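Numbering (my numbering), first residue to last: 5 to 425.
As C-alpha coordinates, this is what we get:
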(Lines of atoms letter the chains of each structure in order from A; the text may use other names.)
(Lines give C-alpha, C1' and ligand atoms only; values in the text may rest on other atoms or scores of the structure.)
Protein backbone atom coordinates (compact mmCIF):
# COMPACT_ATOMS: atom_id res chain seq x y z
CA UNK A 5 0.00 0.00 0.00
CA UNK A 6 1.15 3.54 -0.74
CA UNK A 7 2.18 5.70 2.20
CA UNK A 8 -0.80 7.34 3.85
CA UNK A 9 0.23 10.83 2.66
CA UNK A 10 0.09 9.64 -0.95
CA UNK A 11 -3.23 7.89 -0.34
CA UNK A 12 -4.68 11.09 1.11
CA UNK A 13 -3.46 13.09 -1.88
CA UNK A 14 -5.02 10.56 -4.26
CA UNK A 15 -8.40 10.78 -2.53
CA UNK A 16 -8.63 14.51 -1.87
CA UNK A 17 -6.26 16.13 -4.41
CA UNK A 18 -4.48 17.94 -1.59
CA UNK A 19 -1.75 16.78 0.80
CA UNK A 20 -2.74 16.23 4.43
CA UNK A 21 -2.04 18.91 7.01
CA UNK A 22 -0.54 16.34 9.34
CA UNK A 23 -0.20 12.60 10.04
CA UNK A 24 -0.62 10.92 13.43
CA UNK A 25 0.39 7.43 14.54
CA UNK A 26 -1.42 5.81 17.48
CA UNK A 27 -0.40 2.39 18.83
CA UNK A 28 -2.34 -0.58 20.02
CA UNK A 29 -1.66 -1.75 23.53
CA UNK A 30 -0.86 -4.79 25.58
CA UNK A 31 -1.69 -5.20 29.24
CA UNK A 32 0.74 -7.34 31.17
CA UNK A 33 -1.49 -7.77 34.20
CA UNK A 34 -4.63 -6.20 35.64
CA UNK A 35 -7.51 -7.38 33.45
CA UNK A 36 -11.09 -6.12 33.89
CA UNK A 37 -9.87 -3.98 36.78
CA UNK A 38 -9.90 -0.60 35.04
CA UNK A 39 -13.66 -0.07 35.22
CA UNK A 40 -13.56 -1.42 38.78
CA UNK A 41 -11.24 1.36 40.01
CA UNK A 42 -8.26 -0.97 40.31
CA UNK A 43 -4.76 -0.98 38.84
CA UNK A 44 -3.59 -1.94 35.36
CA UNK A 45 -0.14 -2.35 33.81
CA UNK A 46 -0.36 -1.62 30.07
CA UNK A 47 2.14 -0.55 27.43
CA UNK A 48 1.95 0.78 23.87
CA UNK A 49 3.22 -1.57 21.16
CA UNK A 50 4.58 -1.59 17.62
CA UNK A 51 1.18 -2.24 15.99
CA UNK A 52 -0.54 1.01 15.11
CA UNK A 53 -3.25 3.08 13.45
CA UNK A 54 -2.18 5.95 11.23
CA UNK A 55 -4.39 8.87 10.23
CA UNK A 56 -3.86 11.69 7.76
CA UNK A 57 -6.08 14.74 8.15
CA UNK A 58 -6.80 18.00 6.35
CA UNK A 59 -9.39 20.76 6.67
CA UNK A 60 -12.47 21.32 4.52
CA UNK A 61 -15.08 24.08 4.66
CA UNK A 62 -18.50 22.57 3.94
CA UNK A 63 -19.42 21.32 7.42
CA UNK A 64 -18.82 17.64 6.57
CA UNK A 65 -16.41 14.86 7.51
CA UNK A 66 -15.13 12.76 4.63
CA UNK A 67 -13.74 9.53 6.10
CA UNK A 68 -11.75 6.93 4.16
CA UNK A 69 -10.85 3.54 5.69
CA UNK A 70 -8.01 2.52 3.40
CA UNK A 71 -7.69 -1.07 4.61
CA UNK A 72 -11.41 -1.70 4.16
CA UNK A 73 -11.73 0.14 0.87
CA UNK A 74 -14.67 2.11 2.28
CA UNK A 75 -15.47 5.80 2.53
CA UNK A 76 -18.35 7.86 3.86
CA UNK A 77 -19.28 11.53 4.14
CA UNK A 78 -21.35 12.82 7.06
CA UNK A 79 -22.42 16.30 8.18
CA UNK A 80 -20.70 17.57 11.33
CA UNK A 81 -23.91 18.67 13.03
CA UNK A 82 -26.15 16.34 15.07
CA UNK A 83 -23.77 13.38 15.02
CA UNK A 84 -25.39 10.14 16.18
CA UNK A 85 -24.24 6.49 16.27
CA UNK A 86 -23.85 5.09 12.77
CA UNK A 87 -24.70 1.64 11.42
CA UNK A 88 -21.08 1.21 10.26
CA UNK A 89 -19.01 0.57 13.37
CA UNK A 90 -15.64 1.91 12.21
CA UNK A 91 -17.34 5.23 11.50
CA UNK A 92 -18.46 5.44 15.14
CA UNK A 93 -14.88 5.45 16.38
CA UNK A 94 -14.27 8.62 14.38
CA UNK A 95 -17.50 10.55 14.81
CA UNK A 96 -17.66 9.63 18.50
CA UNK A 97 -14.53 11.61 19.33
CA UNK A 98 -15.55 14.41 16.94
CA UNK A 99 -18.81 14.66 18.88
CA UNK A 100 -16.83 14.86 22.13
CA UNK A 101 -14.61 17.61 20.76
CA UNK A 102 -17.55 19.65 19.46
CA UNK A 103 -19.46 19.29 22.73
CA UNK A 104 -16.41 20.28 24.75
CA UNK A 105 -15.92 23.38 22.65
CA UNK A 106 -19.57 24.31 23.01
CA UNK A 107 -19.76 23.79 26.77
CA UNK A 108 -16.17 24.42 27.79
CA UNK A 109 -16.34 21.27 29.87
CA UNK A 110 -16.09 17.52 29.39
CA UNK A 111 -18.55 16.18 31.94
CA UNK A 112 -17.00 12.72 32.03
CA UNK A 113 -13.53 14.09 32.58
CA UNK A 114 -14.82 16.68 35.04
CA UNK A 115 -12.02 18.98 33.91
CA UNK A 116 -12.25 22.34 32.16
CA UNK A 117 -11.21 22.44 28.53
CA UNK A 118 -9.39 25.34 26.96
CA UNK A 119 -11.74 27.07 24.52
CA UNK A 120 -9.67 29.91 23.14
CA UNK A 121 -10.01 28.74 19.54
CA UNK A 122 -13.00 29.34 17.30
CA UNK A 123 -15.18 26.22 17.44
CA UNK A 124 -16.58 27.05 13.97
CA UNK A 125 -13.17 26.11 12.57
CA UNK A 126 -13.62 22.47 13.63
CA UNK A 127 -17.31 22.58 12.70
CA UNK A 128 -16.29 23.44 9.13
CA UNK A 129 -15.26 19.80 8.72
CA UNK A 130 -12.24 17.80 7.62
CA UNK A 131 -10.99 14.98 5.41
CA UNK A 132 -9.37 11.96 7.03
CA UNK A 133 -7.73 8.73 5.85
CA UNK A 134 -7.15 5.81 8.21
CA UNK A 135 -4.78 2.88 7.84
CA UNK A 136 -3.36 0.41 10.35
CA UNK A 137 -1.77 -2.94 11.08
CA UNK A 138 -3.40 -3.79 14.42
CA UNK A 139 -5.10 -7.18 14.02
CA UNK A 140 -8.85 -6.62 14.39
CA UNK A 141 -10.59 -8.44 17.22
CA UNK A 142 -7.31 -9.61 18.74
CA UNK A 143 -7.71 -7.66 21.98
CA UNK A 144 -5.03 -5.10 21.10
CA UNK A 145 -7.44 -2.15 21.23
CA UNK A 146 -7.60 -1.17 17.59
CA UNK A 147 -10.75 0.84 18.32
CA UNK A 148 -9.05 2.87 21.05
CA UNK A 149 -6.09 3.49 18.74
CA UNK A 150 -8.45 4.88 16.08
CA UNK A 151 -10.18 7.12 18.61
CA UNK A 152 -6.90 8.40 20.02
CA UNK A 153 -5.36 8.96 16.59
CA UNK A 154 -8.35 10.96 15.38
CA UNK A 155 -8.69 13.02 18.55
CA UNK A 156 -4.94 13.70 18.70
CA UNK A 157 -5.04 14.80 15.05
CA UNK A 158 -8.01 17.11 15.69
CA UNK A 159 -6.26 18.50 18.76
CA UNK A 160 -3.14 19.31 16.73
CA UNK A 161 -4.93 20.58 13.63
CA UNK A 162 -7.25 22.94 15.48
CA UNK A 163 -4.96 23.72 18.44
CA UNK A 164 -7.51 22.64 21.07
CA UNK A 165 -4.82 22.44 23.80
CA UNK A 166 -6.23 19.21 25.23
CA UNK A 167 -4.00 17.17 27.52
CA UNK A 168 -3.42 13.48 26.90
CA UNK A 169 -5.53 12.60 29.93
CA UNK A 170 -8.39 14.76 28.69
CA UNK A 171 -8.20 13.08 25.31
CA UNK A 172 -8.20 9.63 26.93
CA UNK A 173 -11.33 10.48 28.91
CA UNK A 174 -13.05 11.92 25.85
CA UNK A 175 -12.22 8.81 23.80
CA UNK A 176 -13.64 6.65 26.59
CA UNK A 177 -16.85 8.69 26.62
CA UNK A 178 -17.08 8.36 22.84
CA UNK A 179 -16.81 4.57 23.07
CA UNK A 180 -19.58 4.51 25.67
CA UNK A 181 -21.91 6.70 23.63
CA UNK A 182 -21.20 5.72 20.02
CA UNK A 183 -19.85 2.15 20.17
CA UNK A 184 -22.10 1.04 23.03
CA UNK A 185 -19.25 -0.47 25.07
CA UNK A 186 -18.94 0.59 28.71
CA UNK A 187 -15.17 0.20 28.58
CA UNK A 188 -12.69 1.39 31.14
CA UNK A 189 -10.01 4.00 30.53
CA UNK A 190 -6.97 1.77 30.14
CA UNK A 191 -6.94 1.27 26.37
CA UNK A 192 -7.14 4.94 25.48
CA UNK A 193 -4.77 5.91 28.27
CA UNK A 194 -2.09 3.44 27.20
CA UNK A 195 -2.35 4.38 23.54
CA UNK A 196 -1.81 8.05 24.35
CA UNK A 197 0.69 7.82 27.22
CA UNK A 198 2.96 4.95 26.15
CA UNK A 199 6.74 5.26 26.37
CA UNK A 200 9.35 3.05 24.71
CA UNK A 201 10.43 0.06 26.83
CA UNK A 202 8.25 1.11 29.76
CA UNK A 203 5.02 -0.20 31.24
CA UNK A 204 2.60 2.10 33.01
CA UNK A 205 1.03 1.45 36.39
CA UNK A 206 -2.28 3.29 36.15
CA UNK A 207 -4.41 3.85 39.22
CA UNK A 208 -7.88 3.75 37.66
CA UNK A 209 -9.39 5.45 40.70
CA UNK A 210 -7.20 8.54 41.09
CA UNK A 211 -5.81 8.37 37.50
CA UNK A 212 -2.30 8.74 38.91
CA UNK A 213 0.28 6.80 36.93
CA UNK A 214 3.91 5.72 37.16
CA UNK A 215 6.27 4.45 34.47
CA UNK A 216 8.35 1.34 35.12
CA UNK A 217 11.17 0.12 32.88
CA UNK A 218 10.66 -3.52 31.97
CA UNK A 219 13.87 -5.53 31.74
CA UNK A 220 13.04 -8.45 29.48
CA UNK A 221 16.69 -9.17 28.61
CA UNK A 222 16.67 -12.67 27.10
CA UNK A 223 12.87 -12.79 26.78
CA UNK A 224 10.32 -11.55 24.26
CA UNK A 225 6.65 -10.67 24.53
CA UNK A 226 4.77 -12.92 22.13
CA UNK A 227 1.05 -12.76 21.40
CA UNK A 228 -0.78 -15.86 20.21
CA UNK A 229 -3.97 -14.97 18.36
CA UNK A 230 -6.84 -17.46 18.57
CA UNK A 231 -8.26 -16.00 15.34
CA UNK A 232 -11.60 -15.73 17.10
CA UNK A 233 -12.75 -12.21 16.36
CA UNK A 234 -14.64 -11.09 19.39
CA UNK A 235 -16.94 -8.08 19.44
CA UNK A 236 -17.31 -6.63 22.92
CA UNK A 237 -20.76 -5.27 22.20
CA UNK A 238 -22.11 -8.75 21.49
CA UNK A 239 -20.09 -10.45 24.22
CA UNK A 240 -20.74 -10.43 27.95
CA UNK A 241 -18.41 -7.52 28.65
CA UNK A 242 -21.20 -5.19 29.72
CA UNK A 243 -22.79 -7.97 31.79
CA UNK A 244 -19.57 -8.40 33.77
CA UNK A 245 -19.59 -4.72 34.57
CA UNK A 246 -23.18 -4.97 35.80
CA UNK A 247 -22.34 -7.98 37.97
CA UNK A 248 -19.47 -6.08 39.59
CA UNK A 249 -21.65 -3.02 40.20
CA UNK A 250 -24.29 -5.20 41.82
CA UNK A 251 -21.72 -6.88 44.05
CA UNK A 252 -20.30 -3.54 45.11
CA UNK A 253 -23.76 -2.28 46.07
CA UNK A 254 -24.41 -5.39 48.16
CA UNK A 255 -21.16 -4.89 50.10
CA UNK A 256 -21.89 -1.18 50.52
CA UNK A 257 -25.17 -2.02 52.25
CA UNK A 258 -23.22 -3.58 55.10
CA UNK A 259 -20.10 -1.41 54.81
CA UNK A 260 -21.21 2.14 53.87
CA UNK A 261 -17.64 3.42 53.96
CA UNK A 262 -16.72 1.26 50.98
CA UNK A 263 -16.51 3.46 47.88
CA UNK A 264 -14.88 1.18 45.30
CA UNK A 265 -13.35 -2.28 44.98
CA UNK A 266 -10.12 -0.76 46.24
CA UNK A 267 -11.71 -0.59 49.70
CA UNK A 268 -12.87 -4.23 49.75
CA UNK A 269 -11.09 -7.16 51.37
CA UNK A 270 -11.49 -10.81 50.41
CA UNK A 271 -13.04 -11.35 53.83
CA UNK A 272 -15.78 -8.86 52.99
CA UNK A 273 -16.39 -10.58 49.66
CA UNK A 274 -16.81 -13.90 51.49
CA UNK A 275 -19.03 -12.40 54.15
CA UNK A 276 -21.34 -10.40 51.91
CA UNK A 277 -21.44 -12.19 48.57
CA UNK A 278 -20.87 -15.91 49.04
CA UNK A 279 -24.59 -16.38 49.71
CA UNK A 280 -25.90 -14.08 47.02
CA UNK A 281 -26.91 -14.69 43.45
CA UNK A 282 -28.60 -12.31 41.04
CA UNK A 283 -30.26 -14.02 38.08
CA UNK A 284 -28.77 -12.64 34.90
CA UNK A 285 -32.19 -12.06 33.34
CA UNK A 286 -33.11 -9.87 36.31
CA UNK A 287 -29.98 -7.73 36.22
CA UNK A 288 -30.73 -4.12 37.00
CA UNK A 289 -27.95 -1.72 37.82
CA UNK A 290 -30.35 0.46 39.81
CA UNK A 291 -31.83 -2.28 41.95
CA UNK A 292 -30.30 -5.00 44.10
CA UNK A 293 -32.14 -8.28 43.73
CA UNK A 294 -33.23 -10.59 46.51
CA UNK A 295 -30.97 -13.33 47.84
CA UNK A 296 -31.56 -16.53 45.90
CA UNK A 297 -28.81 -19.03 46.69
CA UNK A 298 -26.57 -20.00 49.55
CA UNK A 299 -23.41 -21.22 47.88
CA UNK A 300 -20.22 -19.91 46.36
CA UNK A 301 -21.36 -20.60 42.81
CA UNK A 302 -22.94 -17.15 42.84
CA UNK A 303 -21.79 -15.32 39.72
CA UNK A 304 -21.61 -12.00 41.54
CA UNK A 305 -19.44 -13.57 44.26
CA UNK A 306 -17.09 -15.06 41.68
CA UNK A 307 -16.75 -11.82 39.71
CA UNK A 308 -16.02 -9.73 42.79
CA UNK A 309 -13.60 -12.28 44.25
CA UNK A 310 -11.59 -12.17 41.04
CA UNK A 311 -11.52 -8.36 40.95
CA UNK A 312 -10.31 -8.01 44.55
CA UNK A 313 -7.63 -10.66 43.99
CA UNK A 314 -6.49 -9.08 40.73
CA UNK A 315 -6.18 -5.59 42.21
CA UNK A 316 -3.85 -7.01 44.86
CA UNK A 317 -1.99 -9.09 42.27
CA UNK A 318 -1.10 -6.05 40.15
CA UNK A 319 0.39 -4.25 43.14
CA UNK A 320 2.54 -7.28 43.96
CA UNK A 321 3.55 -7.67 40.31
CA UNK A 322 4.96 -4.13 40.27
CA UNK A 323 7.16 -5.05 43.22
CA UNK A 324 8.43 -7.99 41.15
CA UNK A 325 9.32 -5.58 38.35
CA UNK A 326 11.19 -3.32 40.75
CA UNK A 327 13.23 -6.31 41.95
CA UNK A 328 13.75 -7.60 38.42
CA UNK A 329 12.06 -10.87 39.38
CA UNK A 330 10.38 -11.81 36.12
CA UNK A 331 9.90 -15.41 37.29
CA UNK A 332 7.58 -14.22 40.07
CA UNK A 333 5.91 -11.78 37.68
CA UNK A 334 5.20 -14.58 35.21
CA UNK A 335 3.59 -16.77 37.87
CA UNK A 336 1.15 -13.96 38.58
CA UNK A 337 0.22 -13.87 34.90
CA UNK A 338 -0.75 -17.54 35.08
CA UNK A 339 -2.76 -16.83 38.25
CA UNK A 340 -4.59 -14.01 36.48
CA UNK A 341 -5.57 -16.34 33.66
CA UNK A 342 -6.91 -18.89 36.11
CA UNK A 343 -9.10 -16.20 37.67
CA UNK A 344 -10.29 -14.88 34.32
CA UNK A 345 -11.17 -18.38 33.17
CA UNK A 346 -12.73 -19.86 36.31
CA UNK A 347 -14.09 -16.87 38.27
CA UNK A 348 -14.67 -14.07 35.77
CA UNK A 349 -15.56 -16.52 32.99
CA UNK A 350 -14.38 -14.43 30.06
CA UNK A 351 -12.02 -16.99 28.56
CA UNK A 352 -12.87 -19.62 25.95
CA UNK A 353 -11.58 -23.11 25.07
CA UNK A 354 -9.06 -21.72 22.58
CA UNK A 355 -7.54 -19.26 25.06
CA UNK A 356 -7.41 -21.90 27.80
CA UNK A 357 -5.75 -24.34 25.40
CA UNK A 358 -3.00 -21.85 24.51
CA UNK A 359 -2.21 -21.01 28.14
CA UNK A 360 -2.27 -24.63 29.29
CA UNK A 361 -0.04 -25.66 26.39
CA UNK A 362 2.83 -23.45 27.60
CA UNK A 363 2.23 -23.60 31.35
CA UNK A 364 4.83 -26.30 32.00
CA UNK A 365 7.40 -25.05 29.49
CA UNK A 366 10.51 -23.84 31.33
CA UNK A 367 11.14 -21.29 28.58
CA UNK A 368 7.84 -19.52 29.25
CA UNK A 369 7.80 -17.23 32.28
CA UNK A 370 4.12 -16.37 32.13
CA UNK A 371 1.03 -16.48 29.94
CA UNK A 372 -2.58 -15.39 30.14
CA UNK A 373 -5.50 -14.29 28.04
CA UNK A 374 -5.47 -10.57 27.36
CA UNK A 375 -8.23 -8.10 26.63
CA UNK A 376 -11.98 -8.26 27.05
CA UNK A 377 -12.07 -12.00 26.49
CA UNK A 378 -14.11 -14.55 24.51
CA UNK A 379 -11.34 -14.69 21.92
CA UNK A 380 -8.41 -12.55 20.95
CA UNK A 381 -4.85 -13.16 22.14
CA UNK A 382 -2.81 -14.65 24.91
CA UNK A 383 0.20 -12.66 26.05
CA UNK A 384 3.33 -14.69 26.76
CA UNK A 385 6.83 -13.94 28.03
CA UNK A 386 9.06 -16.42 26.20
CA UNK A 387 12.81 -16.93 26.09
CA UNK A 388 14.08 -15.51 22.80
CA UNK A 389 16.00 -18.65 21.88
CA UNK A 390 12.83 -20.74 22.26
CA UNK A 391 10.35 -18.52 20.43
CA UNK A 392 10.71 -20.24 17.05
CA UNK A 393 10.33 -23.75 18.45
CA UNK A 394 7.40 -22.88 20.70
CA UNK A 395 5.50 -21.03 17.98
CA UNK A 396 6.06 -23.88 15.52
CA UNK A 397 4.90 -26.57 17.96
CA UNK A 398 1.98 -24.56 19.30
CA UNK A 399 0.77 -23.70 15.80
CA UNK A 400 0.64 -27.40 14.92
CA UNK A 401 -1.04 -28.43 18.20
CA UNK A 402 -3.60 -25.63 17.93
CA UNK A 403 -4.54 -26.57 14.37
CA UNK A 404 -4.99 -30.21 15.38
CA UNK A 405 -6.98 -29.51 18.54
CA UNK A 406 -9.02 -26.47 17.50
CA UNK A 407 -9.12 -26.80 13.70
CA UNK A 408 -8.05 -23.18 13.38
CA UNK A 409 -4.93 -21.41 12.20
CA UNK A 410 -2.89 -19.78 14.95
CA UNK A 411 -1.38 -16.35 14.32
CA UNK A 412 1.38 -14.89 16.45
CA UNK A 413 3.03 -11.50 16.88
CA UNK A 414 6.38 -10.77 18.51
CA UNK A 415 5.88 -7.30 19.93
CA UNK A 416 8.03 -4.49 21.23
CA UNK A 417 7.03 -1.70 23.61
CA UNK A 418 6.95 1.64 21.81
CA UNK A 419 5.96 5.30 22.07
CA UNK A 420 2.36 6.39 22.47
CA UNK A 421 0.31 8.52 20.06
CA UNK A 422 2.45 11.09 18.25
CA UNK A 423 2.84 13.23 15.16
CA UNK A 424 4.69 11.63 12.26
CA UNK A 425 7.42 13.85 10.86
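Using N, Cα and C, we set each Cβ at its ideal position, and we do this for glycine too. These numbers were taken from a predicted model, which means no experiment stands behind them.
- Residue 338 and residue 90 have their C-alpha atoms roughly 34 Å apart.
- Contact between the stretch 312–322 and the stretch 27–44 is present, with at least three C-beta pairs closer than 8 Å.
- With 16 or more neighbouring CB atoms inside 10 Å of its own CB, residue 306 falls in the buried class.
- A contact is defined here as three or more CB-CB pairs under 8 Å, and the stretch 202–218 fails this definition with respect to the stretch 175–182.
- Residue 411: member of the beta strand (DSSP E) spanning 411–415, first to last residue.
- With respect to the C-alpha of residue 342, the residue from 97, 268, 95 and 382 having the closest C-alpha is 382.
- Residue 31 sits in a strand when the DSSP states are folded into three classes.
- If you look at residue 46, you'll find it isn't in any alpha helix (DSSP H); it sits in the beta strand (DSSP E) that goes 46–59.
- In the pairwise beta carbon analysis, the stretch 220–227 is classified as not touching the stretch 155–166: fewer than three pairs are separated by under 8 Å.
- Counted as a single uninterrupted DSSP element, the beta strand (DSSP E) harbouring residue 228 occupies residues 223–229.
- By the 16-neighbour rule on beta-carbons within 10 angstroms, residue 214 is exposed.
- For residue 159, there is no enclosing beta strand (DSSP E); the enclosing alpha helix (DSSP H) covers residues 146–161.
- If you check the CB distance, residue 153 and residue 24 come in under 8 Å.
- Nearest to residue 347 by alpha-carbon distance, out of 233, 244, 229 and 227, is 244.
- Excluding sequence positions up to five before and after residue 14, its CB lies within less than 8 Å of the CB of 6, all in the same chain and listed in chain order.
- Residue 420 sits close to residue 195, with the two beta carbons spaced by under 8 Å.
- The DSSP-derived three-state label of residue 308 is helix.
- Rounded to whole angstroms, the gap between the alpha carbons of residue 396 and residue 355 is 17 Å.
- The C-beta distance from residue 54 to residue 135 rounds to 5 Å, short enough to fall under 8 Å.
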